[in-house]
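Okay, structure first, notes after.
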Amino acid sequence: MAEVAPQVRVVRGGSRPGGGSRRSHTAPRPYKPLLWALPPIALLGLVFLYPLALVVRQSFQPDTGGFSLQPYADVLASESFGRALWTTVWLAVAATAGCLVLGFLLALVIAFVPFPGARTVARFVDVYLSFPSFLITLALLFIYGGTGIVGSFRFLTTPWGVLLAEITYFTPFVMRPLLAAFSGIDTAQIEAAGSLGARAPRIVRRIILPEALPALAAGGSLVLVLCLNEFGIVLFTGAKGVTTLPMLVYGKAILESDYPGACVVAVVNVLISVGLYGLYRVVSRRAGA
């Protein structure tokens with residue numbers, strides 16, 4: 001039997017005459033990722049960070065000139081800021097609670113109650129998210145406005161009208177993550193619980209609600225952030241007695257020409273929003289969104 005000669009791999013150009021190996025010239029350069037990151041960072045700084053820095057700087061510059069904390073002292077101690085902060089907080093919290101309850105019930109019906117057109121309704125929820133907030137408020141004006149069907153009650157110009165408009169607009173923002181969470185629930189558990197005599201409220205409490213809690217937390221956090229910064233709904237309802245922080249910024253900057261005061265309110269609003277957005281990201285990460 002012929003012996004099989006061992007295969008020898010020949011590496012061409014693998015060594016130099018002195019025995020040293022040739023260094024590869026294709027190694028990635030460490031500064032290339034930085035070069036690719038510079039253009040978007042520069043664009044972000046020019047479009048967003050620079051105007052924001054101007055707002056922060058203006059908040060420390062009173063009309064008399066110089067650098068001072070007096071604008072913050074004047075605004076934070078004013079009664080108008082206190083009322084606007086309280087109105088913003090209670091409207092945002094109440095709207096979030098309403099969206100959570102209504103969104104959970106609607107998503108529950110769409111996901112688990114068989115009816116014709118359920119998929120179409122679920123897809124409409126996605127389309128609804130693209131609607132501007134003023135469009136929903138404008139539609140409500142035809143019902144609750146001064147010349148609407150029940151316009152004699154002047155309901156939409158009250159804080160409760162603003163609350164209704166916010167719940168109507170932001171509820172789909174809670175429904176979307178809930179529908180995604182409900183799609184992952186094993187229906188065999190629900191059928192088994194029903195066959196053992198469990199009623200619908202107990203099935204919802206023991207099987208569906210634990211699976212929906214992360215989605216409820218993520219959707220509620222997002223709605224809370226959006227409600228704190230909502231401007232179009234309050235403006236289009238024409239509720240004169242409802243002044244939120246965004247409306248206070250508009251009033252000080254446009255109506256009173258108090259730009260330092262407007263910048264102070266804007267900075268406070270941004271700080272609150274960024275803090276709540278950080279909470280939203282933490283909740284979304286834990287929910288797997």
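Going by UniProt numbering, 220 is the number at position 220 of the sequence shown; the sequence numbering is gapless. Glycine is no exception: its CB is placed at the ideal position from the N, C-alpha and C atoms. Just so you know, these numbers come straight off a predicted model, no measurement behind them.
Exposed or buried, which one is GLU256 when buried takes at least 16 other CB atoms within 10 Å?
It counts as exposed.
Quick check: the stretch 36-49 against the stretch 240-258, are there 3 or more CB pairs under 8 Å?
The answer is no - the stretch 240-258 does not touch the stretch 36-49, with fewer than three Cβ pairs under 8 Å.
Around the C-beta of ARG206, are 16 or more other C-beta atoms found within 10 angstroms, so that it is buried, or is it exposed?
Result: exposed.
Classify GLY98 as buried or exposed, calling it buried when 16 or more other Cβ atoms lie within 10 Å of its own Cβ.
Buried, because 16 or more other Cβ atoms sit within 10 Å of the Cβ of GLY98.
Is there a Cβ from chain C that is less than 9 Å from the Cβ of GLU256?
Any reference to chain C falls outside this structure, which holds one protein chain only.
Figure out for me which residue from THR120, TYR250 and LEU106 has the closest Cα to the Cα of PRO177.
Out of THR120, TYR250 and LEU106, LEU106 has the C-alpha closest to the C-alpha of PRO177.
Is the beta carbon of CYS99 within less than 8 Å of some heavy atom of the ligand ADP?
Among the components of this structure there are no ligands whatsoever, and the ligand ADP is therefore not found.
Can you look up LEU279 in the DSSP assignment and give me helix, strand or coil?
Looking at LEU279 - three-state DSSP - the assignment turns out to be helix.
Since ILE110 and LEU38 are thought to touch, with beta carbons under 8 Å apart, how far apart are those beta carbons, to the nearest angstrom?
No, ILE110 and LEU38 are not in contact; Cβ-Cβ is about 47 Å, not under 8 Å.
I'd like the list of long-range same chain contacts for PHE155, defined as Cβ closer than 6 Å, with 5 residues on each side in sequence excluded.
These residues qualify, in order along the chain: TYR144 and GLY161.
Which of the three DSSP states, helix, strand or coil, is assigned to residue 290?
Nothing about residue 290 can be reported from this structure: the residues present for the chain run from 1 to 289 only.
For the candidate residues GLY220, VAL267, ASP258 and ARG285, whose alpha-carbon lies nearest to that of THR64?
Looking at the Cα atoms, ASP258 is the closest of the given residues.
Tell me which residues share the same chain as PHE48 and place their Cβ nearer than 7 Å to its Cβ, disregarding the 5 neighbours each side in the sequence.
Cβ neighbours of PHE48 beyond the five flanking positions: none.
Among VAL267, LEU276 and GLY278, whose alpha-carbon lies nearest the alpha-carbon of ALA53?
Per the Cα distances, VAL267.
Between which residues of its own chain and LEU276 is the CB-CB distance below 8 Å, once the five residues before and five after are set aside?
Same-chain partners within the cutoff: SER221, LEU224, VAL225 and LEU228.
What residue range is occupied by the uninterrupted alpha helix (DSSP H) comprising PHE142?
Start and end: 133-144.
For TYR169, does the count of other Cβ atoms within 10 angstroms reach 16, so buried, or fall short, so exposed?
The residue in question, TYR169, is buried, as its Cβ has 16 or more Cβ neighbours within 10 Å.
Hey, how far is the Cα of VAL75 from the Cα of THR96?
Spanning the two alpha carbons is a distance of roughly 27 Å.
Write down the C-beta distance between ALA253 and ALA239 rounded to the nearest angstrom, noting that I regard them as a contact closer than 8 Å.
About 20 Å; that fails the 8 Å criterion.
Among ALA188, ARG281, PRO33 and VAL234, which has the Cα closest to the Cα of THR157?
Cα-wise, what sits closest to THR157 is VAL234.
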